[in-house]
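Each position in the sequence shown, counted from 1, maps to that position plus 58 in my numbering. These notes concern the structure reproduced below.
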Amino acid sequence: MTVEPAAYPDMMIALRHSFDSGLTRSLAWRLGQLDALERLLKENEPAIGRALVADLAKPEQEILLGELSLLYSEIRHARRHLKRWARPRRVFTPVVGQPGRSWVQPEPLGVVLIMGAWNYPVQLVLSPLIPALAAGNCAVIKPSEIAASTADLMADLIPRYLDTTAVKVVLGAVDETTALLKQRFDHVFYTGGAAVGRIVMRAAAEHLTPVTLELGGKSPAVIDAGADLESAARRLVWGKCLNAGQTCIAPDYILVSPEQREPLVEAMRSQLDAMYGKDRLASADYAKIINRRHFDRLRGYLDSGKVAIGGRVDESAERIEPTILIDVKPDDPVMQEEIFGPILPVLTVPGLDEALAFINQRDKPLASYFFTRSKASERRFVEQVSTGNLCINDVLMFMSVPELPFGGVGMSGMGQYHGKAGFDRLSHLKAVMKRSRFPEIPVRFAPYSDFKMKLLKWLG
Ligand code: NAD
């Protein structure tokens, strides 16, 4: 069940009507919707699994890890903390405001548009929906048309579980999204590439609607001198092969010293053998590339540098073997854009100084990874790399911590969500001050005088 473009204006009127009725404001409604969302997932795990297999050949365990577990944990976390998040937050009132009280009162924004990307097509629409509902908003969900089976399933399931007067699903591609973006929303929450991010932000600017842009970019992984190569190799291979590299926070390239390159590549070879066997293209634990366009784009990268491991492709199944590239130069095609596939270039740099300079000369990444045993190096990396998220000695795992805000910086996005950060992002934090009617120190009122001036200065 979806809404056609001609009906978008009526859909918006109906959603505004629901919002204005106050329906979504009560905590009971919000908690009820979170429960319903959990039920939607629990009761339809097999159907969700089938849709994700049809779109991406996602292995069952990756569906649990990369889609369902994150959602269950976000729902549980929101349910547990919602009352506290939604409460007025008392703040200090200085002397000039006395006697009086001041507080921040979270309130819902109104109607939020959520646009998802195709790579985690369940998680990327429902994960922003959790804070949207928790904060008491109405929502329009626009799944990515590229993961078509999952989009259809979302359009079928959501109206069966959630309040249809407050949550709508719109299906479609560029034409439908263009028409949808002409509507006035109170927030647009977009996940996807930067090119469309600009289109979304331009459209939102027409209505001065705030946006959250969850974009991508080239997320570096740096190996420090003396790092545990065995552990780094295992975690990097896992993070890169998950969803066949089609993960916004997958390690995009590795920076390592010339002496460590060979042992690291060999350690990754052993890990690939251990995880996916010798015939990795045929592994049931390894996803496919979403479509032919992306398959061709990725195949083009195999000409950069030299293939150290992998490099085979299966055109009919749209699969690309996990591939490690060496002797890659910074101006090679594979280093110009986010790879977003199972290809991992390993570049050499003399040391940490050069690695930091390499990262800082480029767009700010969505995620950065640093493998080290040194506290001093760790401190330098944390202080000197501006990045959306950062993980020391692992990849991706910050996603499992609901209290860590998630989002990009600079070209990798704007605005953060997950946990309370998501609730705050999709709320308006209304500033309220209440003054007592008396006593009144009439220092701020005219007629002004030297005495009042002195007193004001003294009060600060
Ligand atoms: P996509 O093609 O699915 O597009 C995202 C959304 O934009 C979809 O809903 C799509 O319908 C819409 N869209 C596409 N073209 C449009 C147009 N011309 N006008 C209006 N809307 C349009 O996804 P994608 O861009 O291929 O996604 C991949 C990118 O997303 C990567 O860069 C990845 O790093 C990033 N990503 C980021 C996150 C994150 O959480 N930060 C998560 C996943 C993916």
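Think of the CB as a built atom: it goes at the ideal place given N, C-alpha and C, for glycine as much as any other residue. These numbers come from a predicted model, not from an experiment.
What's the C-alpha gap between residue i and residue j?
i      : j      : result
Gly275 : Ser185 : 20 Å
Leu114 : Thr82  : 35 Å
Met333 : Ile384 : 21 Å
Ala231 : Val453 : 32 Å
Ser562 : Phe150 : The structure shown does not extend to residue 562, since the chain is modelled only from 59 through 518, so no value can be given for it.
Leu239 : Ala252 : 16 Å
Trp176 : Ala205 : 5 Å
Ile450 : Arg431 : 10 Å
Tyr311 : Met259 : 29 Å
Val246 : Asp221 : 20 Å
Leu122 : Ala302 : 16 Å
Lys336 : Pro380 : 11 Å
Pro519 : Glu317 : Absent from the model: residue 519. The displayed extent of the chain is 59 to 518, so no value can be given.
Glu324 : Asp286 : 13 Å
Leu187 : Met469 : 24 Å
Pro321 : Glu125 : 33 Å
Thr60  : Ala72  : 15 Å
Gly477 : Lys515 : 42 Å
Cys306 : Val365 : 23 Å
Val295 : Ser127 : 21 Å
Closest by CA to residue i, which one among the options?
i      : options                           : result
Pro309 : Ile499, Arg327, Ile106 and Ala290 : Ala290
Val467 : Tyr248, Leu273 and Trp176         : Leu273
Ile397 : Ile382, Gln318 and Gly174         : Ile382
Lys226 : Arg218, Val365 and Ala105         : Arg218
Thr223 : Cys196, Trp176, Gly158 and Asp286 : Cys196
Arg338 : Tyr359, Leu402 and Ile367         : Ile367
Asp372 : Met491, Val404, Val365 and Ser341 : Ser341
Leu129 : Pro146, Glu96 and Gly250          : Glu96
Arg147 : Lys515, Leu514, Asp482 and Gln304 : Asp482
Glu461 : Gly124, Ala94 and Arg138          : Arg138
Asp93  : Gly107, Ile133, Asp286 and Val111 : Ile133
Glu203 : Val228, Ile401 and Glu441         : Val228
Ala144 : Leu187, Leu171, His75 and Leu191  : Leu191
Gly518 : Val153, Gln91, Ile71 and Trp87    : Val153
Gly168 : Lys515, Ser76, Leu322 and Ile348  : Ser76
Glu498 : Gly477, Gly158 and Leu313         : Gly158
Tyr66  : Glu376, Thr236 and Phe503         : Thr236
Leu300 : Met326, Glu288, Lys346 and Val280 : Lys346
Ser160 : Phe509, Ser494 and Val490         : Val490
Gln181 : Tyr475, Glu412, Pro500 and Arg420 : Tyr475
Gln156 : Asp508, Met511, Phe509 and Arg502 : Arg502
His265 : Gly250, Arg242 and Ile281         : Arg242
Ala415 : Gly465, Val280 and Phe353         : Val280
Label residue i either buried or exposed according to how many other C-beta atoms from any shown protein chain fall within 10 Å of its C-beta, with 16 as the threshold for buried.
i      : result
Lys298 : buried
Ala263 : exposed
Val459 : exposed
Phe428 : buried
Asp331 : exposed
Ser374 : exposed
Arg437 : exposed
Glu441 : exposed
Thr270 : buried
Arg256 : exposed
Lys100 : exposed
Gln304 : buried
Per DSSP, residue i is paired with what?
i      : result
Ile499 : Ile499 pairs with nothing; no bridge assigned.
Gln163 : Lys488
Pro403 : Leu383
Tyr311 : Pro278
Glu396 : Looking at the DSSP assignment, Glu396 forms no beta bridge with any residue, so it has no partner.
Cys196 : Val169
Leu271 : Tyr248 and Met472
Ala372 : It should be noted that the sequence gives Asp, not Ala, for residue 372. Bridge partners of Asp372: Arg377.
Ser435 : In DSSP, Ser435 forms no bridge with anything.
Ser426 : Leu448
Phe464 : Tyr475
Quick one: residues in its chain with C-beta nearer than 6 Å to the C-beta of residue i, no 5 flanking neighbours on either side, listed in chain order?
i      : result
Met173 : Lys200 and Tyr248
Lys488 : Gln163 and Glu165
Leu356 : Ile378 and Gly399
Ala193 : Pro166, Phe481, Leu484 and Ser485
Ile417 : Pro278 and Val443
Asp343 : Pro117
Enumerate in chain order the residues of its own chain whose CB-to-CB distance from residue i is below 8 Å, with the five nearest sequence positions on each side excluded.
i      : result
Gly409 : Ala283 and Ser315
Gly363 : Leu383, Ile384, Asp385, Val386, Lys387, Asp390, Val392 and Pro403
Leu89  : Arg137 and Leu140
Leu448 : Ala425, Ser426, Tyr427, Phe428, Phe439, Val440 and Phe456
If you drop the 5 nearest sequence neighbours on each side, which residues of the same chain put their C-beta closer than 7 Å to that of residue i?
i      : result
Ala109 : Ser207, Thr208 and Leu211
Lys422 : Ser444, Thr445, Val467, Gly468, Met469 and Ser470
Thr53  : The chain is shown from 59 up to 518; residue 53 falls before or after that span and cannot be answered.
Tell me whether residue i counts as near the ligand ATP, meaning its Cβ is closer than 8 Å to at least one heavy atom of that ligand.
i      : result
Leu140 : Absence of the ligand ATP is noted for the structure shown, with the ligand NAD being the only ligands found.
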